[in-house]
Every structure is written in C-alpha cells, then in structure tokens.
Amino acid sequence: MRFREQRALELLRAGTGVADATFRPGQCEAIQHIVEGRGRLLLVQKTGWGKSNVYFIAAKLLREGGLGPALLFSPLLALMRNQIDAAVRMGVRALTIHSDNQEEWGQIEQAVEADQVDVLLISPERLANARFMADVLAGIAARVSLIVIDEAHCISDWGHDFRPHYRLIERMSRNLPATTHLVATTATANNRVMADLRDVLGPQLTVARGDLRRPSLSLQTIRMPDQADRLAWLARQLTQLPGSGIIYVLTKRDAQTVAAWLQSRGHNVAAYTSETGSDRIGLEQALLRNRVKALVATSALAMGFDKPDLAFVIHFQTPGSVVAYYQQVGRAGRALERARGVLLSGAEEADINDFFITTAFPTRDEAAAVLGALEAEPSGLSVSQILSRINVSRARTEKTLQLLSLESPPPIARAGLRWQLTAARLGEGFWDRADRLTALRRQEQQQMQEYVALNGGHMEFLVRALDGDPGPDLPPSLAPLSAEVDRVLTQAARVFLRRTSVDIEPRERWPGGGLPIWGLSGPIALEQRAQPGKALSIWGDSGWGELVRQGKYVDDGYSDELIGACAGLVAQWRPEPPPAWVTYVPSRRRPVLVAGFAQRLAAALGLPCLEALVKTHDTAEQKDMLNSAQQARNLDGTIAVTDVARPSGPVLLVDDICDSRWTLTVCSWLLRSSGSGPVWPMALALAGGGSRT
1 MRFREQRALE
11 LLRAGTGVAD
21 ATFRPGQCEA
31 IQHIVEGRGR
41 LLLVQKTGWG
51 KSNVYFIAAK
61 LLREGGLGPA
71 LLFSPLLALM
81 RNQIDAAVRM
91 GVRALTIHSD
101 NQEEWGQIEQ
111 AVEADQVDVL
121 LISPERLANA
131 RFMADVLAGI
141 AARVSLIVID
151 EAHCISDWGH
161 DFRPHYRLIE
171 RMSRNLPATT
181 HLVATTATAN
191 NRVMADLRDV
201 LGPQLTVARG
211 DLRRPSLSLQ
221 TIRMPDQADR
231 LAWLARQLTQ
241 LPGSGIIYVL
251 TKRDAQTVAA
261 WLQSRGHNVA
271 AYTSETGSDR
281 IGLEQALLRN
291 RVKALVATSA
301 LAMGFDKPDL
311 AFVIHFQTPG
321 SVVAYYQQVG
331 RAGRALERAR
341 GVLLSGAEEA
351 DINDFFITTA
361 FPTRDEAAAV
371 LGALEAEPSG
381 LSVSQILSRI
391 NVSRARTEKT
401 LQLLSLESPP
411 PIARAGLRWQ
421 LTAARLGEGF
431 WDRADRLTAL
441 RRQEQQQMQE
451 YVALNGGHME
461 FLVRALDGDP
471 GPDLPPSLAP
481 LSAEVDRVLT
491 QAARVFLRRT
501 SVDIEPRERW
511 PGGGLPIWGL
521 SGPIALEQRA
531 QPGKALSIWG
541 DSGWGELVRQ
551 GKYVDDGYSD
561 ELIGACAGLV
571 AQWRPEPPPA
581 WVTYVPSRRR
591 PVLVAGFAQR
601 LAAALGLPCL
611 EALVKTHDTA
621 EQKDMLNSAQ
631 QARNLDGTIA
641 VTDVARPSGP
651 VLLVDDICDS
661 RWTLTVCSWL
671 LRSSGSGPVW
681 PMALALAGGG
691 SRT
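Under our numbering, the residue at position 3 of the sequence shown is numbered 3, and the numbers go up by one with no gaps.
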C-alpha cells in the first residue's frame, strides 16, 4: 500500500491541534514502515515522543486504503484517554473494551461487527475470555489490518511490568501471517528485553530506537531513611516548587498517609491508587488542569498518563527497577525546558520491594497444594472450595491458578466457576522462568540502590542501564534541592503518624463450610456480631507500628506510651454505648502479653478488666493460617467463656495483633451468646498485608 506523507501530516496536525505541527525524527519513517507493510516493527522511544501518534495515524491510513480495523493491546486502557481523544480528532473511530465500561460492551461489539470501528483497544486479559474470543474476535480476525502491542516490554519475561496474559499475545503473534502489519511500542526495552521480543515477534523484527535522554529533567537522589523526615521535607518543598507534579509511593497505604499529611499542612493534593475507582478520571483531570498541586500515586498512575507540562516527579521511596523509575520520572518535563525528578530513599523500601519480588510467582509448595486439591476432585473445584482444602492465601491461590492456566500447554483449565486438571503436566520450564525473573529483579533492585548512591550523572546512569547511548554529560538545568529537614516539621509528622487509626470491620458471615464443632454456618446473627472496631496502627508502619513490633518481639511487653495512645484512641473513638468493662483474647503460648496490656489499658480507662475467655487447647498460630477458611477453622471449638462473674454491659475486647479478624469474631460471638452487651474490638496493630498495595 502506498504511503501518503501529506495525509499523514494532516492527521498529525488534527490530532495534536497544532496547525503547524511537524513529525519528530523517526515518526514519519515509522508510519511509512507500517503502512507499506515492510515487516514487523519495534519502536523503542522515550516517554512523550509520540508513539501513539504513529500507530493511530498508520491505522487511519490503512482504513482509508480499504483495509480492516486495527487491534490494539494495552495494559493501561483506563489511562489512554488522552491518546484516544487525539485519535478522535484525527477522525479515528477508537473504542475500548475494559472492566470499567461493561455497560457499553454490547454497543461496542455491535459497532465492531458492523465495521464501524477503526481501532479496537483491549487489554491482554481479554484474550482469556472465551465469550470475547468467540463472539467478537473470531468475527473480525480475518479483517484485522494492524496489530499494535503497546508497552511491549510487558510481553517479556524480563520486563518489570510482566503481565501474565501478555503470554497470550505471544502465542497469537506466532500464528499471525507473515504479511500482517504489526508494531510493538515501549519506552524502556534494554538489550535483554529486545532479545526476548525478537524471539517472540520474529527474528526479522525491525527495531527503531531513539534517544532516551531527557535533557529537560534535573535528577537527584536523597537518602532519607526516616519516614517522618521525608514527610517534613515534602511539606516544605511543596510550598516552593513551581507547577504541579506527581509524588510516587510504593503502597496504597502510603498514598493515603502521605496525601493526608500534606493535606493537614494545607497542600492541595489527593491520593491516587488502583482503588481510586470512578474518581480516577476526575483526579487525572484535576492534575491536567492544575487544580491540584500533586497527586500522591502508586504505579497505577504511570504508563499512559500524559501531562506535557508536569513540573516535578518525586519518589517517596525507591522503585524496584530502573525500568520502573524511568517510566515514572519520565512523566515530567515533556514540554518544559526544565523539570525535576527527585528520589527520596527510605528504610522501608527494601522490605516492600522484597515483598513484591517474592510474591511474583507461586512457590513449588503452593503449586503442589493447588494441583493436589484439584487432583483429588476430578469434577473440579471453585476457588473457595480449593481454599477450604489447602493452607494457602486467597491471593496466592488465585495467582497460582492464573499463572498455571497460562502455561503452554496448561496443566489446569477453568470451566465456569470451577478449575480442573488437564492432561498436561507442569514442566520445569515454568520454574526456570520464575527463577530467572526473580534473579533479574534482585539485580534490578541492587541497581537502583547504586542509583540512589550517585552524586551526579543520574540521567547517564539511567540511559546506560537501559542500554541506550548516554551521549555527552549534560549539566542539570536546575540546582539540586536542599536535603535539609525542618526538625519542627519532622516532629509534627511524627505526631501525625501516631494519630492515625485503622478501622476493624466486623465479619458478617461464617466461612464457607462453616465451623462444624460449634455448628456455625451462614450469616452471623446481628445480635451476635462484633461492633466496628479500631486498631491503633498498621503492623510495622512508621508511627506506632514499629513500637508494637518491638513490644511483641523484643521487649516482651508493651510500653506505657502505647497504653496511653490506646487510651487516647478510645477517648477519641467514643464508642456508643460506651464499654463498661474490658476483657481480652486468651493465649496459651504467651498468656501474660495481651492480658497485661489489657489490664493496664483498663486501669488507664478506669474500667474493670476480667478474664472472660479461655483458650481450651493449643492450635497452630493464627499467623500461620494463610487463608480465611483455615484461619476460622483453626479456632473452631478452641475458646470458651469462663464462669467468672462479669457485667452484662458493653465490653472492650482487646488483642495485640488483628490479622484475619476471625479471633475477634469468634470471641465476640462467645461473649454475646453468654449475655454480654455490645462487643467493641480493639487491637494495637492490624496485620494481614495492610501496608502493601
């Protein structure tokens, strides 16, 4: 098909809204390569270069030439609104099917069938949906003119954002006719990733690689282990930094904490995570239009978000890899002469990144447990039924099921709500791949620590790490920000961290399969449930969390400071009707630890403390029970109400660490069943992954 350069330029100007816009170096050549069918193309270009302009213009030209629609795979459909808006201005009819627009699926599918769509955007997970494959994709497969694989580094086992369902794109691409137009795009493919992509997309893959340097970005790193110091630094610097920006954090909990702290200091910021939900669009627009100073975001706001005049990106902790960092800091300074990227390195980041690395793949024991449960039930099991048979967490079980089902050939398959074994067996290749990727992520983690230690040459380091050409050293366009911390602000941040509390939501149903010894199943009667409770902290977090950890495992007792904080929490909480007495969760292993804490708290509150519950026999520790069903059954029949005389009024039920909430649920049921008034649970810390994403 003949390439029409003037028409391509018209489309660029329509999409950008700039009447005299011209192509960046390499853009026109890439469009021509695709349109003229010169073979598969991998575009490796820095963020903001305009990769989406290339594939949308190419798709429009192919459609105008009488060919069929393009199929675009992206992991970030919800963040491609800016690109789709530009495509619409070009006259490209681009529609997307993703989890947030289910009410539109029927209308979109009808438009696809009627050939009224130029580009259909889907996530790779859609390829695992049997109905979509049969009812939508099968009908247009023969007409598809162009395959676009956005964020193609995700297809690679080496990629930092490895998405398991990209393996389905790999299989699809291997079966495409050699004449199919195909373009893959990424900003962060190093040599290892590119070698992997050549293996997936074909040895004849043409690679168009641009300059990865970002001269407008002034980068610096500051090692600041204490979280309170980093909060103080942020609060001070945000008053002086021009423009608007993004503050990246590693966890959802930190996004909420940092945003709340900055709001308390008068800064117009908001938290943005994968749980932001329908507010995402509003928050993105607020940042785009400079109605907020910053969004405090997890990696949910990364690839796909485009604000050309973003003035700064600050990292509250160090990401796990250069690839992740380059993607995120590259949001800044796309259309500015000067912008900042500042990385603050904290003490907690190593544990958080270790968690991400160690939980990326199932262990051999987890896989064996899941496969063993399915082998014992040839008719298959639902996820809940699997959990009732194995001591593996729900998240780990679901990840195991997902990854094993994507193997080729898969050892398991889903039929409706049930999973079943297939005739295939899980090969050693799966474990070799997991070991290789885990080792790589460890290396990337160490590489980022080398970056943190730099005194200069930050951009050159990043480009070299991505196997690009660093070129001559360019001096930063902005002087580094001071690493000095205002000690008054640090103390205020420390107080803030210790003022937070966490809700403990009451359970409303007994676990699937019930508690057979006690004969409990189904809904928990309203008059036998716990009331909404409170925890002083998240286990291990800055603030009170570290003191709780020290008291439990170092001091073998909780400090007076924690007692005072809990008394203050009750006073602030003001449960109604107020507790008239205090009791505690019993323990046979450490009978004094929680009992002593409860007695001292009761004294501080001026209430009697009574031993109303007793553990009747030893069981495994609750922290060793890894899913809800196992945690609940580990308690079945193991706690009893004592015959001590006690008030019938409301009671404060105290524990030190709340994980699954089943212990508090069972103790509340026992107390209510024996005549107690409302039960108000309270714990020193909430565990169970609360500080993770």
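Just so you know, even glycine gets a beta-carbon here, dropped at the ideal spot from N, CA and C.
Within the same chain, Cβ atoms closer than 6 Å to the Cβ of Leu403 are found at Pro164, the five residues on either side in sequence being excluded. Within the segment 631-693, the complete alpha helix (DSSP H) segments at least 4 residues long are 662-673, listed from N- to C-terminus.
By the C-beta criterion, the segment 590-610 is judged to be in contact with the segment 549-567, since at least 3 inter-stretch pairs fall below 8 Å. Sequence-distant Cβ neighbours of Ala415 in its own chain, meaning closer than 7 Å and more than five residues away, are Gly380.
When only Cα atoms are considered, Ser216 and Trp544 end up about 41 Å apart. With a 10 Å radius around the Cβ and a threshold of 16 neighbouring Cβ atoms, Val18 comes out exposed. Rounded to whole angstroms, the Cβ separation of Val313 and Val323 is 15 Å, and the two are not in contact under 8 Å. By alpha-carbon distance to Glu508, the top candidate from Ala567, Leu664, Ala360 and Thr638 is Leu664.
If you look at His458, you'll find it in the alpha helix (DSSP H) that goes His458 to Ala465. Rounded to the nearest angstrom, the gap between the Cα atoms of Ala142 and Met133 is 13 Å. Note that the segment 577-589 touches the segment 598-615; at least 3 beta-carbon pairs, one per stretch, sit closer than 8 Å. By the Cβ rule, the segment 179-188 counts as touching the segment 142-151, because three or more pairs are nearer than 8 Å. Thr47: not part of any beta strand (DSSP E); DSSP gives it neither H nor E. Bridge partners of Ser218 according to DSSP: Arg340. If the five residues before and after Arg198 are omitted, its C-beta is found closer than 6 Å to the C-beta atoms of Leu205, all from its own chain and listed in chain order. With a threshold of 16 other beta carbon atoms within 10 Å, Val488 falls short and is exposed. The DSSP-derived three-state label of Ile538 is strand. Taking C-beta atoms as the reference points, Ser274 and Thr298 count as a pair closer than 8 Å.
Ala294 places its beta carbon less than 8 Å from that of Ser244. By DSSP's assignment, Ile149 forms a beta bridge with Phe73 and Ala184. If you look at Ala195, you'll find it in the alpha helix (DSSP H) that goes Asn191 to Leu201. The C-alpha of Cys566 is placed about 14 Å away from the C-alpha of Asp503. The C-beta distance from Ala367 to Leu426 rounds to 7 Å, short enough to fall under 8 Å.
Between the beta-carbon of Cys658 and that of Ala535 there is about 6 Å, and that keeps the pair under the 8 Å contact cut. Distance from the Cα of Trp680 is smallest, within the candidate group Arg574, Arg499 and Asn634, for Arg574.
For Gly15, the enclosing alpha helix (DSSP H) covers residues Glu5 to Thr16.
Each of Asn129, Asn175 and Thr221 was checked against the Cα of Gly202, and the nearest Cα belongs to Asn175. Per DSSP, the continuous alpha helix (DSSP H) segment holding Phe430 begins and ends at Glu428 to Val452. Considering only Ser542, Trp518 and Gln528, the residue with the shortest C-alpha distance to Arg499 is Ser542. By the neighbour-count criterion, in which 16 or more other beta carbons inside 10 Å mark a residue as buried, Ala259 falls on the buried side.
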